[in-house]
Ligand code: XMP
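Residue numbers (full-length UniProt numbering): 205 to 532.
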């Protein structure tokens, strides 16, 4: 793709000109396509003067932290620091049921941990006599720019964790947003051109608060384990069926109710998994996905048989609006 190849070269030159010969750059990565493409561009431009930070908030998907680490560090050669803060996040989420409170806790803790890591990196590079951290990389896309200008509704909260506001004030960092004129499909094309795996390039969007907003009610380590396991099976079967790219977003939600079941000659009283899958262009409106029944049957029986603590699976047939894509 001619336009995209020339975009990469131009953007790398532009970044080098902005950052200059000694300044250091930090940026949060999540394993999503936007932050990964932005990070790859930055590291192509300035190498290890770019410091990517992955915050493990304890509510990422099964093995996700490890996979992202391997891909970014080993496959893409990005200078990455992983901050394992799962205990901090899960500790603060203890006893919290309200969805917006969960979001606030996760958003604020994210900023706190990110700032701490950036400060550590700053101290280390200063000791080595290298340049100061002067810039913050963000993987903002064109639709995010438009939305934050035109939309003053609940999305202000949705986006809080992206802002990393404190850093900009305390460390006086300047923001660099290499993707701010691009749409998602262009970012994906860029990712492919830069050698990023299809698996990552085509990954469904994943909310910052992670599976914490897909575990209804209190988030405990036990609930995290159940939700992760069910979601993993669900996505695995969707991929096996060749439906992953057709679906815009899919996940398993863990409901805070118990229902009666029977296993062998025993009565069970266990939790419910709700499967969500939607097709959408812009995530503002969405239709539920029409699964072939045999696929649903396979997913349901695997989850009930393999995930301890679950004896019932339901499929969410609600469109957005009035339902949202996430359950919280
Ligand atoms: P809803 O549930 O509002 O979701 O229909 C629309 C899209 O936004 C994502 N989403 C979030 N992303 N932080 C995020 O980074 C959040 O708090 C958040 N809440 C929802 C959701 O996954 C979907 O893609």
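Where is the CB? At the ideal position from N, CA and C, for every residue including glycine.
What does the alpha-carbon distance come out to for the pair residue i and residue j?
i: residue 220; j: residue 530; result: 39 Å
i: residue 376; j: residue 284; result: 22 Å
i: residue 355; j: residue 532; result: Any reading at residue 355 is ruled out, since the residue's pLDDT is 45, under 50, leaving its predicted position unreliable.
i: residue 521; j: residue 500; result: 13 Å
i: residue 442; j: residue 230; result: 35 Å
i: residue 361; j: residue 379; result: For residue 361, the predicted model reports a pLDDT of 42, less than 50, meaning its position is unreliable; a value from the coordinates is still stated below. Taking the straight line from one Cα to the other gives about 20 Å.
i: residue 286; j: residue 394; result: 25 Å
i: residue 409; j: residue 423; result: 21 Å
i: residue 235; j: residue 474; result: 33 Å
i: residue 256; j: residue 464; result: 47 Å
i: residue 527; j: residue 455; result: 15 Å
i: residue 487; j: residue 223; result: 34 Å
i: residue 512; j: residue 506; result: 11 Å
i: residue 218; j: residue 337; result: 18 Å
i: residue 359; j: residue 207; result: Note that residue 359 has pLDDT 44, beneath the 50 cutoff, so the model's placement of it is unreliable and the number below is only indicative. About 32 Å.
i: residue 421; j: residue 215; result: 44 Å
i: residue 525; j: residue 491; result: 9 Å
i: residue 448; j: residue 480; result: 13 Å
i: residue 523; j: residue 504; result: 21 Å
i: residue 381; j: residue 415; result: 27 Å
i: residue 357; j: residue 470; result: Because the pLDDT at residue 357 is just 42, under 50, the model does not fix this residue reliably, and the value given afterwards should be weighed accordingly. Their backbone Cα atoms lie some 49 Å apart in a straight line.
i: residue 466; j: residue 440; result: 26 Å
i: residue 323; j: residue 288; result: 16 Å
i: residue 308; j: residue 244; result: 29 Å
i: residue 303; j: residue 209; result: 42 Å
i: residue 237; j: residue 343; result: 9 Å
i: residue 367; j: residue 325; result: Unreliable positioning characterises residue 367 in this predicted model, as indicated by a pLDDT of 47, which lies under 50. The coordinate reading is nonetheless provided below. When rounded, the distance between both Cα atoms is 20 Å.
Report the residue from the options whose alpha carbon sits nearest the alpha carbon of residue i.
i: residue 493; options: 282, 482, 383 and 405; result: 482
i: residue 392; options: 406, 253, 381 and 385; result: 406
i: residue 301; options: 471, 469 and 417; result: 417
i: residue 294; options: 419, 496 and 439; result: 419
i: residue 403; options: 249, 465 and 271; result: 271
i: residue 497; options: 526, 445 and 459; result: 445
i: residue 264; options: 425, 323, 216 and 208; result: 425
i: residue 266; options: 437, 225 and 462; result: 437
i: residue 321; options: 525, 259, 268 and 490; result: 259
i: residue 233; options: 269, 337 and 213; result: 269
i: residue 252; options: 237, 504 and 225; result: 225
i: residue 411; options: 469, 460, 306 and 476; result: 306
i: residue 459; options: 466, 476 and 467; result: 476
i: residue 312; options: 324, 296, 325 and 327; result: 296
i: residue 246; options: 213, 450 and 292; result: 213
Are the beta-carbon atoms of residue i and residue j separated by less than 8 Å?
i: residue 315; j: residue 413; result: no
i: residue 478; j: residue 428; result: no
i: residue 254; j: residue 341; result: yes
i: residue 290; j: residue 262; result: yes
i: residue 472; j: residue 515; result: yes
i: residue 383; j: residue 249; result: no
i: residue 227; j: residue 318; result: no
i: residue 452; j: residue 489; result: no
Are any of the Cβ atoms in chain C nearer than 8 Å to that of residue i?
i: residue 435; result: Checking the listed chains, one finds no chain C in this structure; it contains a single protein chain.
Contact between the stretch 270-283 and the stretch 394-407 is defined here as three or more beta-carbon pairs at a separation below 8 Å; is this criterion met? yes
Are there three or more Cβ pairs, one per stretch, closer than 8 Å when the stretch 433-450 is compared with the stretch 332-340? no
Could you check whether the stretch 340-349 touches the stretch 382-390, counting it as contact only if at least three pairs of C-beta atoms, one from each stretch, sit closer than 8 Å? Yes: the two stretches touch, three or more of their Cβ pairs being nearer than 8 Å.
Pick out the complete alpha helix (DSSP H) segments inside the stretch 479-524, 4 residues or longer, and give them in chain order. 497-510
Which complete alpha helix (DSSP H) runs does the stretch 223-254 hold, if anything under 4 residues is left out? 237-250
Where in the stretch 282-315 do unbroken runs of the alpha helix (DSSP H), each at least 4 residues long, occur, reported from the N-terminal end onward? 290-297
Ordered list of alpha helix (DSSP H) runs contained in the stretch 421-448, each at least 4 residues: Taking only runs of at least 4 residues, the alpha helix (DSSP H) segments lying wholly in the stretch 421-448 are 425-444.
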